[in-house]
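In what follows, a single structure is set out as structure tokens and then discussed.
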Amino acid sequence: MTEESASLNFLEQLIEDDLAAGFPKEKLRFRFPPEPNGYLHIGHAASICLNFGLGELHNAPVNLRFDDTNPAKEEQEYVDAIKYDIQWLGFKWATECYSSDYFQQLYDWAIQLIKEGKAYVDGQSAEAMAEQKGTPTTPGVAGPYRDNSVEENLSMFERMKAGEFEQGSYVLRAKIDMASPNMLMRDPILYRIVKKAHHRTGSDWCIYPMYDWTHGESDYIEQISHSLCTLEFKMHRELYDWFLDQIVDPKLLRPKQREFARRNLSYTVMSKRKLLELVQTKTVSGWDDPRMPTISGLRRRGYTPESIRNFSELSGISKRDSVTDVSLLEYCIREDLNKTATRVMAVLDPVKLVITNYPEGKTEILQAENNPEDPKSGMHEVPFSRELYIEREDFKEEAGGKFFRLTLGNEVRLKSAYIIKGESVVKDASGNITEIHCTADLDSRSGTGTEASTRKVKGTLHWVSIQHAIKAEVREYDRLFLDEAPDSHEDKNFMEFVNPNSLNVIKEAYLEPYLKNASLSDKFQFQRLGYFTLDKDSTSEQLVFNKTVGLRDSWAKQNSAPAAQPNQSVKQPNPNASQGQGQRSAINEIQKIAKKYTNLSGDKLAAARADIAKLAEQVTYEELEPLFGTAAKKVGTRIGAMITLGILLNKGQERNKEIDAFISAGLADGNEQLVEEAKAVASGNNQ
RNA sequence: UGGUCUAUGGUGUAACUGGCAACACGUCUGAUUUUGGUUCAGAAGAGUCUAGGUUCGAGCCCUAGUAGACCAACCA
Numbered sequence: 014m015t016e017e018s019a020s021l022n023f024l025e026q027l028i029e030d031d032l033a034a035g036f037p038k039e040k041l042r043f044r045f046p047p048e049p050n051g052y053l054h055i056g057h058a059a060s061i062c063l064n065f066g067l068g069e070l071h072n073a074p075v076n077l078r079f080d081d082t083n084p085a086k087e088e089q090e091y092v093d094a095i096k097y098d099i100q101w102l103g104f105k106w107a108t109e110c111y112s113s114d115y116f117q118q119l120y121d122w123a124i125q126l127i128k129e130g131k132a133y134v135d136g137q138s139a140e141a142m143a144e145q146k147g148t149p150t151t152p153g154v155a156g157p158y159r160d161n162s163v164e165e166n167l168s169m170f171e172r173m174k175a176g177e178f179e180q181g182s183y184v185l186r187a188k189i190d191m192a193s194p195n196m197l198m199r200d201p202i203l204y205r206i207v208k209k210a211h212h213r214t215g216s217d218w219c220i221y222p223m224y225d226w227t228h229g230e231s232d233y234i235e236q237i238s239h240s241l242c243t244l245e246f247k248m249h250r251e252l253y254d255w256f257l258d259q260i261v262d263p264k265l266l267r268p269k270q271r272e273f274a275r276r277n278l279s280y281t282v283m284s285k286r287k288l289l290e291l292v293q294t295k296t297v298s299g300w301d302d303p304r305m306p307t308i309s310g311l312r313r314r315g316y317t318p319e320s321i322r323n324f325s326e327l328s329g330i331s332k333r334d335s336v337t338d339v340s341l342l343e344y345c346i347r348e349d350l351n352k353t354a355t356r357v358m359a360v361l362d363p364v365k366l367v368i369t370n371y372p373e374g375k376t377e378i379l380q381a382e383n384n385p386e387d388p389k390s391g392m393h394e395v396p397f398s399r400e401l402y403i404e405r406e407d408f409k410e411e412a413g414g415k416f417f418r419l420t421l422g423n424e425v426r427l428k429s430a431y432i433i434k435g436e437s438v439v440k441d442a443s444g445n446i447t448e449i450h451c452t453a454d455l456d457s458r459s460g461t462g463t464e465a466s467t468r469k470v471k472g473t474l475h476w477v478s479i480q481h482a483i484k485a486e487v488r489e490y491d492r493l494f495l496d497e498a499p500d501s502h503e504d505k506n507f508m509e510f511v512n513p514n515s516l517n518v519i520k521e522a523y524l525e526p527y528l529k530n531a532s533l534s535d536k537f538q539f540q541r542l543g544y545f546t547l548d549k550d551s552t553s554e555q556l557v558f559n560k561t562v563g564l565r566d567s568w569a570k571q572n573s574a575p576a577a578q579p580n581q582s583v584k585q586p587n588p589n590a591s592q593g594q595g596q597r598s599a600i601n602e603i604q605k606i607a608k609k610y611t612n613l614s615g616d617k618l619a620a621a622r623a624d625i626a627k628l629a630e631q632v633t634y635e636e637l638e639p640l641f642g643t644a645a646k647k648v649g650t651r652i653g654a655m656i657t658l659g660i661l662l663n664k665g666q667e668r669n670k671e672i673d674a675f676i677s678a679g680l681a682d683g684n685e686q687l688v689e690e691a692k693a694v695a696s697g698n699n700q
């Protein structure tokens, strides 16, 4: 809060404007209004961070309001999970509210609407009503119940409430405008009959209010100043305001609804319905499966509240629909965990390493840094012995100079231990390496301060002592979907894009013994591999670790680069791209200067022209010709090209059809400067 | 064929009432490093959807297009 925030998003700006216009700061009040019909996901986190963030910024209360008007879908389990997640994210709500707390008030207001002739009971089938509603392009028509008397409506509504009718037989509708271009205004439903117990009101009610009727009035009851919701409710604003108009007391605060774009994440889906489908089809193990974009899934995966809040902050708020790349989320968690996670060693794909000059049966206790990023984090002990496991991919019998790991005849450092040299391998009948034999430089032990201990070698490997290692299960995760936006395809169901290899279980990984006492909230970095956290499936006999995210890996990237090459080369057809080491080509430089040419005047203009002329000396005609096709609008570039052309012609470039066409187009242009240059070029008088 | 909204590097957001398009992620160099991590230094990449217009000057204002999203649940 010490530094001023970079720049305000449009909602923060809106509030600033309201404040500037005289809205009293102490009346600011926000709310987060989840429906308890599913678990919160990373998209909700955006809304939570927005609303609670606004509350923190202005020191204003933020209510948690459960929008529980549909007992058919809502459950206490979700209420509890939602509350837990919000607290876990680190936010505190002012008041825990429920729309169901307002059922009586809502009912009273509905009676008032009926009395004023603004609502009526309709007994038609849903299909009939839908038909009368028309379509977006054709107006609706009035149904037969629309002009029933107030008395009749009153009595029918009473009887609905009393439970005299079947579920679905009658509804209460607002009487607004069946011809409105906004479909929502064509006599929307206020109440329907649902004969199902509610998680809070039990069987007190058998009629339940609809979202539109409930939401705005709840905001009003709680005196919410700014009711922020996602874009799909934009159309509802007209209704929101209409309902408020009917009941608002001018002495009280009138809430304002504003909309922002919901946040999508690449390679996943974000709708509760689709997440529920993943759960119900057992595609994932549950709402908190570590591959799920739910708050609980991310938590189990090892994400921290800080990382999620930071992600929301970095993602920003706007009004256009967008897909944020998961790489930003991964960046956020790496950034957080790098500072805090304890460094340990674990080998996931082991191969045996024998140090032939190290005594059999000897064990040394070495010291390992807990976190090099945090000098105060201290050290922990790690046992070392003659036989170790190292990562299978950390050894090659022979390799090129770019392989920094163990090969025969080369030296590498065993992290926190000795420098070793590969000597020989033992293979089984089918040629697989079963053991690697090496010798250690016994003077090189880390931390001893000897000259040998500070020698530089080109690689460092992680390892575990076989005798001391503990076995554990490790679960690695990949993106749940293979498509960047799995639910954006009209012709294909999102389930078709499920990644069949999103879960990789390593049944027997070897960990250093320090991990024996890990607890659920601990965050570790398995050195050189990534960040890991204990999973709740762990038992006293079997630890289970989840991989949160890998370390950035420029080596792996380099290795896979050749495969990706074709794609990239397609995007690189521009011959004007940089030449040599970061050197811009002359033609590129000219383009850059020319861009702003028309904005210049006086000395600056003269200087720019001189620069272009000078650079033009180094340009070939082949480089220049493509610029002839520059759009008419980009006058600056065309002027630059014209000046360059003049120089080239002076140097003896032959005139041709393209050149003539470019010059005459320049002569005919509306821009005076361009015409000037074209004239000069045409007459050969261009110095 | 209706209404509403949106359009800025690969991605996500900036640019106060018009004034040289900025930041982050990602990508690529180089240095440092007992993690091919971190850190540090640097680079490439956008003429702001298109076409007109207003203006000395437009990402921003005007007009007309184009593209995408949303809108006809007794869901929220």
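According to the working numbering, the stretch in the first sequence is residues 14 to 700, in order. The beta-carbon is built from N, C-alpha and C at its ideal position, and this holds for glycine as well. Bear in mind the structure is a predicted one, so any value in this text is a computation, not a measurement.
Leaving out five residues before and five after residue 49 in sequence, what residues of the same chain have Cβ atoms less than 7 Å from its Cβ? Position 36 of the first sequence holds residue 49. So the qualifying residues of the chain are 79, 81, 87, 88, 91, 92, 95.
Please give the ranges of any alpha helix (DSSP H) in the region 477 to 504, keeping only runs that are unbroken, at least 4 residues long and fully inside the region. none
Does DSSP put residue 522 in a helix, in a strand, or in coil? Stepping through the first sequence from its first residue, residue 522 is reached at position 509. Looking at residue 522 - three-state DSSP - the assignment turns out to be strand.
On the premise that residue 694 lies in contact with residue 662, defined as a C-beta separation below 8 Å, what is that separation, rounded to the nearest angstrom? Stepping through the first sequence from its first residue, residue 662 is reached at position 649. Stepping through the first sequence from its first residue, residue 694 is reached at position 681. So it is a contact: roughly 7 Å between Cβ atoms.
Distance between residue 339 and residue 287 (C-alpha atoms, nearest Å): Against the first sequence, residue 287 aligns to sequence position 274. Against the first sequence, residue 339 aligns to sequence position 326. Answer to the nearest angstrom: the Cα atoms are 19 Å apart.
Tell me where the beta strand (DSSP E) around residue 318 begins and ends. Here the question's residue 318 lines up with position 305 in the first sequence. Element bounds for residue 318: not the beta strand (DSSP E) but the alpha helix (DSSP H), 318 to 328.
Roughly how many angstroms separate the alpha carbons of residue 515 and residue 160, rounded to a whole number? Locating residue 515 in the first sequence gives position 502, where the first residue counts as 1. Locating residue 160 in the first sequence gives position 147, where the first residue counts as 1. Each residue's Cα considered, the two are about 59 Å apart.
Should residue 507 be labelled buried (16 or more other beta-carbon atoms within 10 Å of its own) or exposed? Walking along the first sequence from the start, residue 507 turns up at place 494. The residue is buried, with at least 16 neighbouring Cβ atoms inside 10 Å.
Give, in chain order, every unbroken run of the alpha helix (DSSP H) that is at least 4 residues long and sits entirely within the region 271 to 345. 285 to 293, 308 to 314, 318 to 328
Quick one: is residue 244 buried, meaning 16 or more other Cβ sit within 10 Å of its Cβ, or exposed? Counting from one through the first sequence, the residue named residue 244 turns up at place 231. Result: exposed.
For residue 324, I'd like the list of residues in its chain whose CB is within less than 7 Å of its CB, leaving aside the five on either flank, ordered along the chain. Position 311 of the first sequence, counting from 1, holds the residue named residue 324. The answer, listed in chain order, is 341, 342, 345.
Using the Cα positions of residue 107 and residue 42, report the straight-line distance between them to the nearest angstrom. Walking along the first sequence from the start, residue 107 turns up at place 94. Walking along the first sequence from the start, residue 42 turns up at place 29. Cα-Cα distance, rounded: 10 Å.
Burial state of residue 24 (16 or more Cβ within 10 Å): Taking the first sequence and counting its residues from 1, one reaches residue 24 at position 11. Buried, by the Cβ-count rule.
Give me, in chain order, the residues of the same chain whose beta-carbon lies closer than 8 Å to that of residue 101; leave out the 5 immediate sequence neighbours on both sides. Numbered from 1 along the first sequence, position 88 holds the residue referred to as residue 101. Once the five neighbours on either side are set aside, the close Cβ partners of residue 101 are 308, 312, 318.
What is the DSSP secondary structure of residue 42, reduced to helix, strand or coil? Here residue 42 is taken as the residue at index 29 of the first sequence, counted from 1. DSSP places residue 42 in coil when its eight states are reduced to three.
For the beta strand (DSSP E) containing residue 403, list its first residue and its last residue. Along the first sequence, one-based indexing puts residue 403 at 390. Element bounds for residue 403: 400 to 404.
With distances taken between CB atoms, is the gap from residue 267 to residue 252 smaller than 8 Å? As a working note, residue 267 is residue 254 in the first sequence. As a working note, residue 252 is residue 239 in the first sequence. It is not a contact, given that the beta carbons lie outside the stated cut-off.
Assess contact between the region 352 to 371 and the region 442 to 452, defined as three or more Cβ pairs (one per stretch) separated by less than 8 Å. Is contact present? yes
Looking at the secondary structure, which residues open and close the alpha helix (DSSP H) in which residue 227 lies? Translated into positions along the first sequence, residue 227 becomes position 214. That run of the alpha helix (DSSP H) goes 224 to 235.
Terminal residues of the continuous alpha helix (DSSP H) containing residue 62? The count along the first sequence starts at 1 and reaches residue 62 at position 49. Looking at the DSSP string, the run of the alpha helix (DSSP H) that includes residue 62 is 55 to 71.
Per DSSP, residue 421 forms a beta bridge with which residues? As a position in the first sequence, residue 421 is number 408, starting the count at 1. Paired residues: 435.
Are residue 51 and residue 289 touching if we call contact CB-CB under 8 Å? If you number the first sequence from 1, residue 51 lands on position 38. If you number the first sequence from 1, residue 289 lands on position 276. Taking 8 Å as the Cβ cut-off, residue 51 and residue 289 qualify as a contacting pair.
Nearest to residue 431 (by Cα), restricted to the options 461, 409, 415, 437: Counting from 1 along the first sequence, the entry for residue 431 is found at position 418. Comparing Cα positions, the closest option is 461.
Whether or not the region 420 to 438 and the region 468 to 487 are in contact is what I'm after, with contact meaning three or more pairs of Cβ atoms, one per stretch, closer than 8 Å; do they touch? yes
Given a cut-off of 8 Å, decide if residue 228 and residue 113 are closer than it, judged by their beta-carbon atoms. The residue given as residue 113 occupies position 100 in the first sequence. The residue given as residue 228 occupies position 215 in the first sequence. Contact: no.
Around the Cβ of residue 690, are there at least 16 other Cβ atoms within 10 angstroms (buried) or fewer (exposed)? Position 677 of the first sequence holds residue 690. Result: buried.
Look up residue 547 in the DSSP assignment and say whether it is helix, strand or coil. For the purposes of this step, residue 547 is taken as residue 534 along the first sequence, with counting starting at 1. Residue 547 falls in the strand class under three-state DSSP.
Quick one, are the C-beta atoms of residue 357 and residue 555 less than 8 Å apart? Translated into the one-based positions of the first sequence, residue 357 becomes position 344. Translated into the one-based positions of the first sequence, residue 555 becomes position 542. No, the pair does not count as a contact, with Cβ atoms beyond the cut-off.
Give the DSSP-derived three-state secondary structure of residue 198 in the structure shown. The residue given as residue 198 occupies position 185 in the first sequence. Of the three classes helix, strand and coil, the one that applies to residue 198 here is helix, per DSSP.
Which residues DSSP lists as bridging residue 540, in chain order: To locate residue 540, count along the first sequence from 1; it is residue 527. Answer by DSSP bridge pairing: none, since residue 540 is not bridged.
Out of 465, 434, 420, point me to the one whose CA is closest to residue 446's CA. In the first sequence, residue 446 corresponds to position 433, counting from 1. The option with the nearest alpha carbon to residue 446 is 420.
Going by DSSP in three states, residue 76 sits in which element: helix, strand or coil? Here the question's residue 76 lines up with position 63 in the first sequence. In the structure shown, residue 76 sits in a strand (DSSP, three-state: E or B).
Contiguous beta strand (DSSP E) assignments of at least 3 residues, all confined to the region 73 to 138: 75 to 79, 109 to 111, 132 to 135
Could you tell me the boundaries of the alpha helix (DSSP H) in which residue 173 lies? Stepping through the first sequence from its first residue, residue 173 is reached at position 160. From DSSP, the alpha helix (DSSP H) with residue 173 extends over 163 to 174.
Is the region 294 to 303 close to the region 55 to 69, with three or more CB pairs under 8 Å? no
At what residues does the alpha helix (DSSP H) containing residue 673 begin and finish? Here residue 673 corresponds to residue number 660 of the first sequence, with the count starting at 1. From DSSP, the alpha helix (DSSP H) with residue 673 extends over 670 to 680.
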